[in-house]
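Trainee:
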Amino acid sequence: HLNALLKPATGSVNINGLEVTNKTKDKHFRHIRKEVGIVFQFPESQLFEDSVEKEIEFGPKNFNMNLKNVKDKAFQLLLELGFSRNVMSSSPFQMSGGQMRKIAIVSILAMDPQVIILDEPTAGLDPNSKHQVM
Numbered sequence: 001h002l003n004a005l006l007k008p009a010t011g012s013v014n015i016n017g018l019e020v021t022n023k024t025k026d027k028h029f030r031h032i033r034k035e036v037g038i039v040f041q042f043p044e045s046q047l048f049e050d051s052v053e054k055e056i057e058f059g060p061k062n063f064n065m066n067l068k069n070v071k072d073k074a075f076q077l078l079l080e081l082g083f084s085r086n087v088m089s090s091s092p093f094q095m096s097g098g099q100m101r102k103i104a105i106v107s108i109l110a111m112d113p114q115v116i117i118l119d120e121p122t123a124g125l126d127p128n129s130k131h132q133v134m
């Protein structure tokens, strides 16, 4: 509920001053979804573009963010997580589950949300990758 991905069935949730009920219109969620990033437990559930670069651009395009700044930040994060310089043109679906998880995390971090919700971010990662992510 924290980024209004789901509306409460009954009652309400206050998210950063916006009272959300099951009748709240989706147009009110745009700001919330920009400020609260979510990385799901299974990254294949949130990755759908055919290249890492397109994946990283997807969210920022929807929020009219500066793509150059987002891609620069993402590229640095990807290098810190052990990816090669040509990773941006790679397909996330040709990567291991751990690499996909890192791509999903970077795609959210690059948007610089105020809050990040990570569902088991280190599950399936080797010890070095766990350290890099955390």
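If you count by full-length UniProt numbering, then the sequence shown holds residues 1 to 134, one letter each, in order.
We put the CB at the ideal spot given by N, CA and C, even for glycine.
Fair warning: this is a prediction, and the values are worked out from it, not measured in the lab.
(1) Output yes or no for whether 8 angstroms exceeds the beta carbon distance between residue 133 and residue 92.
(2) Taking Cβ to Cβ, would you say residue 121 is nearer than 8 angstroms to residue 13?
(3) Checking the sheet assignment: what are the DSSP bridge partners for residue 20?
(4) Hey, would you say residue 109 sits closer than 8 angstroms to residue 77, going by beta carbons?
(5) Within a Cβ cutoff of 7 angstroms, which residues of the same chain sit near residue 33, ignoring the five residues on either side of it in sequence?
(6) Beta strand (DSSP E) containing residue 97: first to last residue?
(7) So the candidates are 63, 42, 81; which of them puts its Cα closest to the Cα of residue 124?
(8) Specify the secondary structure class of residue 59 as computed by DSSP and reduced to three states.
Mentor: So, from the data block:
(1) If you number the sequence shown from 1, residue 133 lands on position 133. If you number the sequence shown from 1, residue 92 lands on position 92. In this structure, residue 92 does not lie closer than 8 angstroms to residue 133 by Cβ.
(2) Position 121 of the sequence shown, counted from the start, is the residue given in the question as residue 121. Position 13 of the sequence shown, counted from the start, is the residue given in the question as residue 13. Contact: no.
(3) Along the sequence shown, one-based indexing puts residue 20 at 20. Paired residues: 13.
(4) As a position in the sequence shown, residue 109 is number 109, starting the count at 1. As a position in the sequence shown, residue 77 is number 77, starting the count at 1. Closer than 8 angstroms, so yes.
(5) Indexing the sequence shown from 1 puts residue 33 at position 33. For residue 33, where only same-chain residues beyond five positions count, the Cβ hits under 7 angstroms are 3, 4.
(6) Sequence index remark: in the sequence shown, residue 97 carries index 97 (1-based). No beta strand (DSSP E) contains residue 97, which is instead part of the alpha helix (DSSP H) from 97-109.
(7) The residue you call residue 124 lines up with position 124 of the sequence shown. The residue with the shortest Cα to Cα distance from residue 124 is 42.
(8) Stepping through the sequence shown from its first residue, residue 59 is reached at position 59. It is helical.
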